[in-house]
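S.K.:
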Amino acid sequence: MKKVVSYLRISSASQIDNTSIEMQHEKIELYCKLNNIELVNTYIDEGLSAKDSNRPSYNKMIEFVSNKENEIDAIIVYKADRIHRSLKNLMIMVDYLQEIDVGFISITEQFNTNTAQGLLFLQMIGSFSEFERKLISERTHSGRVSKGNKNLFPGGRIPLGYNLIDNDILSINDNEAEIVKNIFKLRSKGLSYEKIGLKYNFTKQRVAYILSNPIYIGKYVYDGKVEKNKINLQVPPIVSRYIWNKVNSKGN
Numbered sequence: 215m216k217k218v219v220s221y222l223r224i225s226s227a228s229q230i231d232n233t234s235i236e237m238q239h240e241k242i243e244l245y246c247k248l249n250n251i252e253l254v255n256t257y258i259d260e261g262l263s264a265k266d267s268n269r270p271s272y273n274k275m276i277e278f279v280s281n282k283e284n285e286i287d288a289i290i291v292y293k294a295d296r297i298h299r300s301l302k303n304l305m306i307m308v309d310y311l312q313e314i315d316v317g318f319i320s321i322t323e324q325f326n327t328n329t330a331q332g333l334l335f336l337q338m339i340g341s342f343s344e345f346e347r348k349l350i351s352e353r354t355h356s357g358r359v360s361k362g363n364k365n366l367f368p369g370g371r372i373p374l375g376y377n378l379i380d381n382d383i384l385s386i387n388d389n390e391a392e393i394v395k396n397i398f399k400l401r402s403k404g405l406s407y408e409k410i411g412l413k414y415n416f417t418k419q420r421v422a423y424i425l426s427n428p429i430y431i432g433k434y435v436y437d438g439k440v441e442k443n444k445i446n447l448q449v450p451p452i453v454s455r456y457i458w459n460k461v462n463s464k465g466n
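Just add 214 to wherever you are in the sequence shown, counting from 1, and you've got our numbering.
#1: Which of the three DSSP states, helix, strand or coil, is assigned to Gly362?
#2: Assuming Phe278 and Asn255 are in contact, meaning their beta carbons sit under 8 Å apart, how far apart are those beta carbons, in whole angstroms?
#3: Apply the 10 Å Cβ neighbour rule to Gly375 and answer buried if 16 or more other Cβ atoms are within range, or exposed otherwise.
#4: Bridge partners of Ile306, per DSSP?
#5: Under three-state DSSP, which class holds Ser406?
#6: Do Leu244 and Ile235 count as a contact pair if the criterion is CB distance below 9 Å?
#7: Would you identify the three-state DSSP class for Ile289, choosing helix, strand or coil?
#8: Do Tyr292 and Met275 count as a contact pair if the criterion is CB distance below 9 Å?
#9: Along the chain, where does the alpha helix (DSSP H) containing Arg420 start, and where does it finish?
#10: For Ile429, which residues in the same chain have their Cβ closer than 7 Å to its Cβ, ignoring the five residues on either side in sequence?
#11: From which residue to which residue does the alpha helix (DSSP H) around Ile276 run?
#12: Roughly how many angstroms separate the alpha carbons of Asn389 and Thr233, rounded to a whole number?
#13: Can you give the Cα-Cα distance for Ser426 and Tyr456, rounded to whole angstroms?
#14: Alpha carbon to alpha carbon, what distance is there between Ile306 and Met215?
#15: Helix or strand or just coil, what does DSSP make of Leu253?
#16: Cα separation between Asn387 and Arg420?
#17: Alpha carbon to alpha carbon, how far is Val461 from Tyr414?
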């Protein structure tokens, strides 16, 4: 009987639908039962991205299968992107597993790297998945740039002091705007970030971010990770340029 370990991952607690930890585990257990495979250990990483190379359970699993005394024949996953989203990182792992005579099985894509056909299929599936992710990223970027060019909100977290109208336009939230104005006023009088934060239950980092954010003088700058250039919008200001400059000329 072949011996395997399984790896389960969800990127966030909200991911509870068809890729939940429980569902992944049930599918893998059923696969092992139907194929007369012994499931020795199960390794779980919750709330971690597949892009994160420092996943505790993943590292423990690789260490375990690397030990010849454990006699592990393969790592089994529900789907390949549960263990790596990047084709490059996936193939680095598979190459290493081949060196130590450990296979890699995905029950959804139905491949097993213990066979030449399975290895080829893995490369094809991985290439297509990476292409699809890059295409989605490009479309998202294009949509944000298009919105920015029309002076519409491109997406992301709505800053304190503003509401979003029709998912496109930032308008002032009067109650929150008063908080922002008071934060600037207190800082202009010399109050520290810590003391201002205590008043509003904010961290000093959040206070510093608010005080240095040019949105409050009407300049919204979006600089997302996927964008190659910044998107600049004109929005209603909350504080005057005079007080913003005064506060930002102060030392920390």
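Just so it is clear, CB atoms sit at the ideal spot from N, CA and C, and this is done for glycine as well.
M.R.: Short version:
#1: Here the question's residue 362 lines up with position 148 in the sequence shown. Per-residue confidence for Gly362 stands at a pLDDT of 46, beneath the threshold of 50, marking its modelled position as unreliable; no derived number is given.
#2: In the sequence shown, residue 278 corresponds to position 64, counting from 1. In the sequence shown, residue 255 corresponds to position 41, counting from 1. Going by Cβ atoms, the distance from Phe278 to Asn255 rounds to 7 Å, so yes, they are a contact pair.
#3: Here residue 375 is taken as the residue at index 161 of the sequence shown, counted from 1. Gly375 is buried by the Cβ-count criterion.
#4: The residue labelled residue 306 in the question sits at position 92 within the sequence shown. Looking at the DSSP assignment, Ile306 forms no beta bridge with any residue, so it has no partner.
#5: Sequence index remark: in the sequence shown, residue 406 carries index 192 (1-based). Coil at Ser406, not helix or strand.
#6: Translated into positions along the sequence shown, residue 235 becomes position 21. Translated into positions along the sequence shown, residue 244 becomes position 30. Not a contact, by the Cβ cut-off of 9 Å.
#7: Translated into the one-based positions of the sequence shown, residue 289 becomes position 75. Here Ile289 sits in strand by DSSP.
#8: Within the sequence shown, numbered from 1, the residue matching residue 275 stands at position 61. Within the sequence shown, numbered from 1, the residue matching residue 292 stands at position 78. No, the pair does not count as a contact, with Cβ atoms beyond the cut-off.
#9: Counting from one through the sequence shown, the residue named residue 420 turns up at place 206. Lys418 to Ser426 is the span of the alpha helix (DSSP H), which, as asked, contains Arg420.
#10: Residue numbering aside, residue 429 sits at position 215 when the sequence shown is read from its first letter. Same-chain partners within the cutoff: Pro373 and Val449.
#11: Here the question's residue 276 lines up with position 62 in the sequence shown. Element bounds for Ile276: Pro270 to Ser280.
#12: Residue 389 sits at position 175 when you count from the first residue of the sequence shown. Residue 233 sits at position 19 when you count from the first residue of the sequence shown. Approximately 40 Å between the Cα atoms of the pair.
#13: In the sequence shown, counting from the first residue as 1, residue 426 sits at position 212. In the sequence shown, counting from the first residue as 1, residue 456 sits at position 242. About 13 Å.
#14: Numbered from 1 along the sequence shown, position 1 holds the residue referred to as residue 215. Numbered from 1 along the sequence shown, position 92 holds the residue referred to as residue 306. Rounded to whole angstroms, Met215 to Ile306 spans 27 Å at the Cα level.
#15: The residue you call residue 253 lines up with position 39 of the sequence shown. Residue state, collapsed to three classes: strand.
#16: On the sequence shown, position 173 is the one that residue 387 refers to. On the sequence shown, position 206 is the one that residue 420 refers to. Their backbone Cα atoms lie some 18 Å apart in a straight line.
#17: Translated into positions along the sequence shown, residue 461 becomes position 247. Translated into positions along the sequence shown, residue 414 becomes position 200. Computed Cα separation, rounded: 18 Å.
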